[in-house]
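In what follows, a structure is listed as structure tokens, so that the remarks can point back to it.
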Amino acid sequence: MARARKNGHPDVHLNLNVRGLPQSATLEINERSARLAAEGREVFRFGLGQSPFPVPSGVVEALKANAHQKDYLAVKGLAELRQAVADYHHRKQHVERSAEDVLIGPGSKELMFLLQLVYYGDLVIPTPSWVSYAPQAHIIGRQIRWLETRAENNWRLVPDELERLCQQDPGRPRIVILCYPNNPTGGTYRVSELKRLAKVARRYRVVLLSDEIYGELHHKGEHDSIARFYPEGTIISSGLSKWCGAGGWRLGTFTFPSSLRWLLDAMAVVASETFTATSAPIQYAAVRAFQGGLRIENYLSHSRRILRTLAGRLVKDLRKAGLAVATPDGAFYLLVDFGPQRGKLAARGITTSEQLCAKLIDDTGVAILPGSVFGRPPAELTARLAYVDFDGAEALTASAEVATDQELTQHFLDRHCGRVLRGVERLCEWAGG
Ligand SMILES: Cc1ncc(COP(=O)(O)O)c(C=O)c1O
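Sequence positions in the sequence shown follow my numbering and run 7 to 439.
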């Protein structure tokens, strides 16, 4: 693992909270995949959660048209973009927010870090959770409290679990992060579940960070925000990285309730002393993305249909091979549980998810991430598979040829997502062998 010592310097001069922290697990697996590929091995890149789809052409055009924008922008973001983001949440989630409630940053990840930095409270997250929430809390020196979920419940957080934790010290300040559609499981919450969670969040006045970066990638386009049910305490996190295919552009958004304006202002103070403002051309282009319109809706509905069809097929293949998989509702992830094959795997010396992923990539070239990096117990044989290793531009073009009221066929998947199918086939053979 790439630790702080890698460059040869003794790590005794490092801040205590950073000492011993490995590099982000997703980047690590990506580098390992790249190394194998450079050796001429076939690699199936199911590790890094990057959208397979290109940035919509209208948004690319907007970026080109704004390449000349060279001035530093306001620290909280371009006024026009902040308005477009507020309008977007109103249009999509029926959440009333104004432009002044929006903070723009170089990725939602950076904004999450700033939030944890300025708000003195515990970080409360369900297990499994996205890889970076906990390391951020660790770096800042916040306490991390994990909330249990169960596979039988598709790894969803149940309100009683949150209640149980909050009851222990009702007045304690907390940031609770809820991510849906979820990374790493692909699952999401029903409205009734969001309402019940919102009730508990309100009772204990937690700051609820609703990570909706995959909201537009709900496979049926039916994403709902918990901000509707706990508006006064919910910050909605979004950005261009997933639904707009623009992870490398680095633009994230936080949308606050007016009651938490003081938090936004505090984050802006730190932003002004660190990144100053988000890249100007990217912000101008993002206005176009958040304003939406027919072409973007079209792009989204094709993206969803491809992901939905592919996910359905993969779940079937994996289950047929005797593996357990949580049913996905959105995003581009599956949480695969190799537990049913535990005996066979143990006979091959595999007893942890980390060993499993290391052996899998060495034997087959299939890169997936161990459940342990998402906060699952090391000996649980879960792993996240990101089914993104296909040419999204080609798949979108082909999908445009199929009537929108029809489902895509298996033949479509064979032709346009063949690498993903082949990689999963190898994984299944390996697990059963
Ligand atoms: C659940 C989740 N939240 C937040 C992010 C951060 O996205 P960005 O910083 O690109 O906005 C990611 C990226 O992988 C993610 O998967």
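Note that the Cβ used here is the ideal one computed from N, Cα and C, for glycine as well. If you're wondering where the values come from, they're calculated on a predicted model, not measured in any experiment.
- If only complete runs of 3 or more residues are kept, the region 304-359 shows the beta strand (DSSP E) at 339-343, in order along the chain.
- If you check the CB distance, GLY239 and GLY398 do not come in under 9 Å.
- For ILE110, the enclosing beta strand (DSSP E) has its first and last residue at 108-111.
- In this structure, ARG209 has its beta carbon at no less than 8 Å from each heavy atom of ligand 1.
- According to the DSSP assignment, VAL182 belongs to the beta strand (DSSP E) that extends over 180-185.
- Across the set ILE232, VAL61, GLU400, ILE374, the C-alpha of ILE232 shows the shortest separation from the C-alpha of SER198.
- The continuous beta strand (DSSP E) containing LEU215 extends over residues 213-217.
- For GLU116, the shortest C-beta to heavy atom distance toward ligand 1 is below 8 Å.
- Secondary structure within the region 246-281: the alpha helix (DSSP H) runs of 4 or more consecutive residues, fully enclosed, are 267-279 (chain order).
- Distances taken from the Cβ of ILE288 to the heavy atoms of ligand 1 include none shorter than 8 Å.
- The closest heavy atom of ligand 1 lies 8 Å or more from the beta carbon of ASP395.
- DSSP, reduced to helix, strand and coil, places PHE396 outside both helices and strands of the structure shown, so it counts as coil.
- With respect to VAL206, PHE380 sits apart: the two C-beta atoms are not nearer than 9 Å.
- No Cβ-Cβ contact shorter than 9 Å links LEU341 with VAL213.
- Judged by their CB atoms, ALA92 and SER104 are nearer to each other than the 9 Å cut-off.
- Annotated three-state conformation of SER231 is coil, per DSSP.
- Note on geometry: alpha-carbon atoms of GLU158 and ARG41 lie some 37 Å from one another.
- Here ARG196 carries a coil assignment [DSSP, helix/strand/coil].
- By alpha-carbon distance to LEU87, the top candidate from THR284, VAL321, LEU324 is THR284.
- With a cutoff of 8 Å, CYS363 does not count as near ligand 1, since its C-beta is closer than that to no heavy atom of the ligand.
- Among the bridge pairs identified by DSSP, PHE50 is matched with VAL372.
- When the five nearest sequence neighbours on each side are left out, the beta carbons in the same chain lying within less than 7 Å of the beta carbon of ASN189 are those of GLY55, TRP136, TYR220, ALA337, TYR339, in order along the chain.
- Classified as buried, HIS422 has 16 or more neighbouring CB atoms from the shown chains inside 10 Å of its CB.
- The three-state secondary structure of ASP175, taken from DSSP, is coil.
- In the DSSP assignment, PRO287 falls within the alpha helix (DSSP H) that extends over 286-297.
- According to the DSSP secondary-structure assignment, HIS96 is paired through a beta bridge with no residue.
- Excluding the 5 residues flanking it on each side, PRO60 has same chain C-beta neighbours closer than 7 Å at GLY251, GLY398, ALA399, in chain order.
- Using a cutoff of 8 Å, the CB of ASP217 counts as near ligand 1, since one of the ligand's heavy atoms is closer than that.
- Counting along the chain, the unbroken beta strand (DSSP E) around VAL130 starts and ends at 128-132.
- HIS224 is bridged by DSSP to GLY336.
- Within the chosen limit of 8 Å, ligand 1 reaches the beta carbon of CYS185 through at least one heavy atom.
- SER278 is the residue among LEU366, SER278, LEU402 whose C-alpha sits nearest the C-alpha of GLY111.
- Short of 6 Å from the beta carbon of GLY127, and not among the five residues preceding or following it, lie these beta carbons of its own chain, in chain order: PRO179, ARG180, ILE181.
- Comparing C-alpha distances from LEU168 to each of TYR210, ILE146, ARG148 shows the shortest one belongs to TYR210.
- In this structure, the straight-line span from the alpha carbon of LEU153 to that of TYR186 is close to 15 Å.
- Not a single heavy atom of ligand 1 lies less than 8 Å from the C-beta of LEU42.
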